[in-house]
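What follows is a set of notes on a single structure, which appears directly below.
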Amino acid sequence: MSQYVQEVGLYVRDQDEALAFYVEKLGFSVHTDVRNGNYRWLTVQHPDQPSLQLGLFKPGPPVHDEATAQTLHAIVAKGAMPPLVLAVNDCRAAYERMHAVGVEFTQEPMSRYGNVDAGFRDPSGNGWKMVEARR
Amino acid sequence: MSAPLIRIPSISVESSSAMSVDSASQDPELLRRLLRAKDRMDAASHEDWPVQRLARVSRLSEAHFARSFKQAFGVPPHRYLLTRRIERATALLRDTERLITEIAFDTGWKSLGTFGRIFRDVTGASPGEIRAQTRPETHELGRVPACFVSAARRPDLTTAVSEKRRRQATAINGSEQKEVA
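In order, the protein sequence lines correspond to chains W and R.
Heads up, the working numbering is the position in the first sequence plus 16, with the first residue counted as 1.
Heads up, the working numbering is the position in the second sequence plus 141, with the first residue counted as 1.
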C-alpha cells in the first residue's frame with residue numbers, strides 16, 4: 017500500500033486566465049477539465065511530475081456562498097494564501113524565460129546560502145518561490 | 142535560515158481586527174493592485190517609497206491608495222515599509238560584522254539618528270543592544286556541531302518533567318501520610 021498527494025488546489029480569480037498562465041507560461045499541461053453546471057473541476061500537471069495535479073478553482077457557488085467567495089477572492093488578491101514552491105534546475109534561466117513571457121516577478125534571482133531563488137505571482141496573486149534544486 | 146527575531150508590537154498589531162472585516166469587502170481587483178505596491182516595497186525596502194510612487198504602481202490616486210492600503214493590510218504604507226527595513230537591519234546586525242552606520246544607510250535611512258530612534262521605537266532596544274543580544278549566541282553556537290546546537294536549544298523538558306513528577310509524588314505521599322495519620 018502506498019499513499020501520496022494526488023491533487024492540491026489553488027484559488028484563482030479566473031480559471032481561463034489561470035489555465036493560460038500555468039500552461040503557456042509555466043509549462044504545465046491540462047490534466048482534467050470537467051464542467052458541471054457552473055462548477056468546473058480544472059487541474060493541471062507538470063510533465064516532470066505527473067503524479068501531482070494542481071487544481072485551479074474559482075471560489076463561488078455551488079461550493080461557496082457569496083460572502084465566503086468574496087472573502088476568498090480578497091485573501092488571494094492580497095497575497096495572503098500560503099506560499100508555493102516551484103523547484104527548477106536553473107533558476108536564472110527559468111527567470112529569463114518566464115520574465116520574457118510576462119510573468120510578474122516579485123523577486124529577481126538571488127543567491128543566498130549557496131542556493132538561487134526568485135519569487136513570482138500568478139495573475140490571481142498566489143505567491144510562488146522558485147528554488148534551484150540542489151544537484 | 143532563521144527568521145529575524147523581532148518584536149513589532151507598536152506597528153503590526155494595530156487595528157487588525159477592525160480591518161479584517163473591512164478588507165474582505167474590498168474589490169479583489171483593487172487588492173491585487175495594492176499587493177503589487179506591497180511586493181515592490183518588499184523587493185526594495187531600502188529605496189524611497191513616497192506615496193505617489195506607490196500609487197503609480199497600483200494605478201490609483203494617492204489618497205485612494207493610502208486609504209485602501211491601510212484597509213487591506215492593516216498598516217499605512219510608510220509604516221509597513223519601516224517594519225521591513227527594521228526587519229532587514231536586525232538580520233544584518235545579527236548576521237554580519239558591518240558597522241551600524243553602514244547598515245542604517247543600506248536599509249534606507251538618511252540619518253543614523255532617525256534609524257536609531259525608529260529602531261528603538263519598534264524593537265524596544267537600540268541597534269547596538271540588539272546586536273549584543275543576538276550575536277554572541279549565533280557566534281558561539283557556530284563552533285558547536287549542529288546536533289549539539291539543536292540539543293542546546295531544546296526546551297529543558299527532562300528537568301521540568303522530573304521535577305514536576307517529584308513534586309507530585311511528594312504531594313501524594315504527603316496526603317497519604319496525612320490520611321494514614
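Just so it is clear, CB atoms sit at the ideal spot from N, CA and C, and this is done for glycine as well.
For clarity, every value in this text was computed on a predicted model and none was experimentally measured.
Sequence-distant residues of its chain with Cβ nearer than 6 Å to residue i (five each side left out)
i	result
G95/W	G141 and G143
G254/R	none
K179/R	none
P169/R	none
A103/W	V147 and A149
F210/R	L175 and P218
Opening and closing residue of the alpha helix (DSSP H) in which residue i lies
i	result
K323/R	Outside the shown range of chain R, which is 142 to 322, sits residue 323/R, and nothing can be said about it.
Q86/W	E82 to A93
F411/R	Residue 411/R lies beyond the range of chain R shown here (142 to 322); nothing can be said about it.
Y38/W	Note, Y38/W: premise wrong, no alpha helix (DSSP H); not H, not E.
P98/W	Taken as a continuous stretch (DSSP letters only), P98/W belongs to no alpha helix (DSSP H), as it is neither H nor E.
T237/R	Counting along the chain, T237/R falls outside any alpha helix (DSSP H), and DSSP gives it neither H nor E.
CB contact below 8 Å: residue i versus chain R
i	result
Q86/W	yes
A90/W	yes
R108/W	no
R29/W	yes
A36/W	no
A134/W	no
G118/W	no
K94/W	yes
G76/W	no
G141/W	yes
Residue i - DSSP class collapsed to helix/strand/coil
i	result
Q193/R	helix
T59/W	strand
S45/W	strand
V28/W	coil
L201/R	coil
S333/R	In this structure chain R extends from 142 to 322, so residue 333/R is not present and cannot be described.
Q65/W	strand
E23/W	strand
V79/W	coil
S209/R	helix
S127/W	strand
S166/R	coil
H115/W	helix
H219/R	helix
G141/W	coil
E228/R	helix
E33/W	helix
DSSP bridge partner residues for residue i (one or two, in chain order)
i	result
V147/W	A103/W and D133/W
F121/W	F136/W
N52/W	Y55/W
F73/W	Y27/W
M17/W	The partner list for M17/W (beta bridge, DSSP) is empty, contrary to what the question assumes.
8 Å Cβ cutoff, residue i in contact with chain W
i	result
R225/R	no
A178/R	no
A230/R	no
R173/R	yes
D183/R	yes
S199/R	no
Nonlocal neighbours in the same chain, by C-beta distance under 7 Å from residue i, ignoring five residues either side
i	result
R177/R	V198 and S199
V39/W	S45, V46 and V60
T269/R	This sequence places Gly at residue 269/R; Thr is not what is there. Only I241 meet the Cβ criterion.
Residues near residue i by beta carbon distance below 8 Å, same chain, minus five either side
i	result
T122/W	G135, F136, R137 and G143
R150/W	N131
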